[in-house]
Amino acid sequence: MRRLLNDLLAYLADLRGVVPRGWDAFFFRPADPTALGLIRVAVGMLATWNLWVFGLDLHAYLGTEGWADPEWVRLAYRLEAPGAWSFWFLVPD
Numbered sequence: 001m002r003r004l005l006n007d008l009l010a011y012l013a014d015l016r017g018v019v020p021r022g023w024d025a026f027f028f029r030p031a032d033p034t035a036l037g038l039i040r041v042a043v044g045m046l047a048t049w050n051l052w053v054f055g056l057d058l059h060a061y062l063g064t065e066g067w068a069d070p071e072w073v074r075l076a077y078r079l080e081a082p083g084a085w086s087f088w089f090l091v092p093d
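Numbering (my numbering), first residue to last: 1 to 93.
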């Protein structure tokens, strides 16, 4: 039992030194930013495309004749989170 406890304490002591070094190596090691830049550009393009598609006919998506019946949406809000608030409550139909 004592050996098991000693091994556990040695492992935790070793882990205390290894984790910060691994953290620093992963997050702060100099690396080529090209891949990150490409990902950021791709995500920005997808977000812009998404906003553009919704903006084509926003009322068809979110209006009173939209995808979800307004009464059902109000009922779902009351059932799921009776104390929740959304800025969409302020948008007129």
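Glycine included, every Cβ here is placed at the ideal spot set by N, Cα and C.
Whole-angstrom distance between Trp23 and Trp88, CA atom to CA atom: Mapped onto the sequence shown, residue 88 falls at position 88. Mapped onto the sequence shown, residue 23 falls at position 23. Using only the alpha carbons, I get a separation of about 41 Å.
Pro33, DSSP secondary structure in three states: Stepping through the sequence shown from its first residue, residue 33 is reached at position 33. Three-state result, Pro33: coil.
Boundaries of the alpha helix (DSSP H) in which Gly22 is found, first to last residue: Looking up residue 22 in the sequence shown gives position 22. It spans 2 to 28 - the alpha helix (DSSP H) in which Gly22 sits, taken as one unbroken run.
Residues of its chain near Arg3, where Cβ-Cβ distance is below 6 Å and the 5 sequence neighbours each way are ignored: Working through the sequence shown from its first residue, we reach residue 3 at position 3. Here the set comprises nothing.
Short Cβ contact (8 Å threshold) for Tyr61 with Trp52: Locating residue 61 in the sequence shown gives position 61, counting from the first residue. Locating residue 52 in the sequence shown gives position 52, counting from the first residue. Contact: no.
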